[in-house]
Amino acid sequence: MMMKVTEKSIEAPWGTIALKLWGDESNQAVLTVHGIMDNAGSFDTLIPLLPQEYFYICVDLPGHGKSSHFPPHLPIHSLDYIIVYQLVTKYFKRNKYIIMGHSYGGQLGLIFAQFYPELVDKLIMFDTVVLFPIPTDSLKFYMLEKFKLYLSIEDKLKTGKAPQYTYEEALQRVMEGHPPQISQEAAVGILKRMLIAKDNGKFEFSLDQRLKNFINPIHDVAYAAKLIKRYPLQCPILIVFGTDNQAQREYVRPVLQLLQKQKNVAIKFVPGYHDVHNEKASEVAPHVVEFLAKKKSKL
Numbered sequence: 001m002m003m004k005v006t007e008k009s010i011e012a013p014w015g016t017i018a019l020k021l022w023g024d025e026s027n028q029a030v031l032t033v034h035g036i037m038d039n040a041g042s043f044d045t046l047i048p049l050l051p052q053e054y055f056y057i058c059v060d061l062p063g064h065g066k067s068s069h070f071p072p073h074l075p076i077h078s079l080d081y082i083i084v085y086q087l088v089t090k091y092f093k094r095n096k097y098i099i100m101g102h103s104y105g106g107q108l109g110l111i112f113a114q115f116y117p118e119l120v121d122k123l124i125m126f127d128t129v130v131l132f133p134i135p136t137d138s139l140k141f142y143m144l145e146k147f148k149l150y151l152s153i154e155d156k157l158k159t160g161k162a163p164q165y166t167y168e169e170a171l172q173r174v175m176e177g178h179p180p181q182i183s184q185e186a187a188v189g190i191l192k193r194m195l196i197a198k199d200n201g202k203f204e205f206s207l208d209q210r211l212k213n214f215i216n217p218i219h220d221v222a223y224a225a226k227l228i229k230r231y232p233l234q235c236p237i238l239i240v241f242g243t244d245n246q247a248q249r250e251y252v253r254p255v256l257q258l259l260q261k262q263k264n265v266a267i268k269f270v271p272g273y274h275d276v277h278n279e280k281a282s283e284v285a286p287h288v289v290e291f292l293a294k295k296k297s298k299l
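One point on numbering: in UniProt numbering, the residue at position 79 of the sequence shown is 79, and numbering is uninterrupted.
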């Protein structure tokens, strides 16, 4: 029996947040959040392989998929998205949520679990740990480049026209936009939530161009590790890495070493790259199924 799939939009101060819902709303909720430049469709290959006794709330973050963009003319900051987690969790009025996120969605989920531990029952992250730190020696260069690119994007938004593509061209861009390149099957779910049909038969992307230049909180890896110590994650955690994306793990090694020492953290590896949850869903799913089935133990 297939899970029921429905679409829903909830109000936000700046517009609407689009949701793709899987399963029976009376079941325990799994708040599911995609990576940057993706959308709720990036879980289309995985969720059908997961237990049906859960209610999967797949979010299009603002500026992605079918959701409204954040208000214009200011850079997007990663902490802006924590408000989205708050709005969605308040809307569904659950005492506890399981948080499941890929990449950026998992990084934000970790922050949410640190800020609101009373709301998080379990945390699942795919090929990610924390928001990318900025080495102290690189901070000035990093911020100057961010400001420069922000002004460039604003100029283009004022004067330029959005590129248009045939369906086949758009599909190819999505596939190639996920290095080394995701399959057509993995790309289609993402693509169909981000296409805007035009009268000439071509399509534009709904993506907010500012997402190419979002800003993370200013911190280095030592500070990120201190935050894990100061605000330890209290819930059970599953992290599934793609074996071929070693650079992701090396960049945050001190944080990962801390998490590996915690009894509530399980780390698994699946052959593949950064989008392993989408590309290798059949190999990722058993780890998630096992983790969901485990009862919480005292930490």
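Ideal Cβ positions, reconstructed from N, Cα and C, are used throughout, including at glycine.
Is residue i buried or exposed, if buried means 16 or more other CB atoms sit within 10 Å of its CB?
i, result
"leucine 292", "buried"
"tyrosine 223", "exposed"
"glutamine 107", "buried"
"phenylalanine 241", "buried"
"methionine 1", "exposed"
"phenylalanine 147", "exposed"
"glycine 189", "buried"
"serine 103", "buried"
"asparagine 278", "buried"
"isoleucine 57", "buried"
"aspartate 137", "exposed"
Measuring only the C-alpha atoms, how far is residue i from residue j?
i, j, result
"valine 30", "serine 42", "15 angstroms"
"lysine 90", "proline 48", "26 angstroms"
"aspartate 38", "lysine 229", "31 angstroms"
"serine 78", "alanine 113", "15 angstroms"
"glutamine 52", "glutamate 118", "25 angstroms"
"isoleucine 10", "asparagine 264", "33 angstroms"
"threonine 16", "phenylalanine 203", "22 angstroms"
"lysine 294", "glutamate 25", "22 angstroms"
"phenylalanine 92", "isoleucine 111", "20 angstroms"
"histidine 219", "aspartate 80", "17 angstroms"
"valine 5", "phenylalanine 115", "30 angstroms"
"arginine 249", "glutamate 176", "22 angstroms"
"valine 252", "aspartate 199", "46 angstroms"
How is residue i classed by DSSP in three states: helix, strand or coil?
i, result
"glycine 109", "helix"
"alanine 162", "coil"
"histidine 64", "coil"
"aspartate 38", "coil"
"valine 188", "helix"
"leucine 292", "helix"
"glutamine 28", "strand"
"valine 84", "helix"
"phenylalanine 214", "coil"
"histidine 102", "strand"
"histidine 77", "strand"
"phenylalanine 132", "coil"
Closer than 8 angstroms to a non-hydrogen atom of the ligand PLP - does that hold for the CB of residue i?
i, result
"glutamate 118", "The model on display carries no ligand, and the ligand PLP is accordingly not part of it."
Which same chain residues end up closer than 7 angstroms to residue i when comparing Cβ atoms and leaving out the 5 residues on each side of it in sequence?
i, result
"glycine 105", "Val33, His34 and Gly35"
"aspartate 275", "His178, Ile182 and Ala186"
Kindly give me the distance between the Cβ atoms of residue i and residue j, rounded to whole angstroms, as I take these residues to be in contact under 8 angstroms.
i, j, result
"proline 254", "valine 221", "5 angstroms"
"glutamine 184", "leucine 195", "Glutamine 184 to leucine 195, Cβ: 15 angstroms. No contact."
"leucine 46", "alanine 285", "6 angstroms"
Counting only the same chain and skipping the five closest in sequence on each side, list residues whose C-beta sits under 6 angstroms from that of residue i.
i, result
"proline 71", "Trp14"
"leucine 74", "none"
"phenylalanine 205", "Met194"
Beta-carbon within less than 8 angstroms of residue i's beta-carbon, same chain only, minus the 5 sequence neighbours each way: which residues are those?
i, result
"glycine 63", "His69, Phe70, Ile76, Leu207, Asp208, Arg210 and Leu211"
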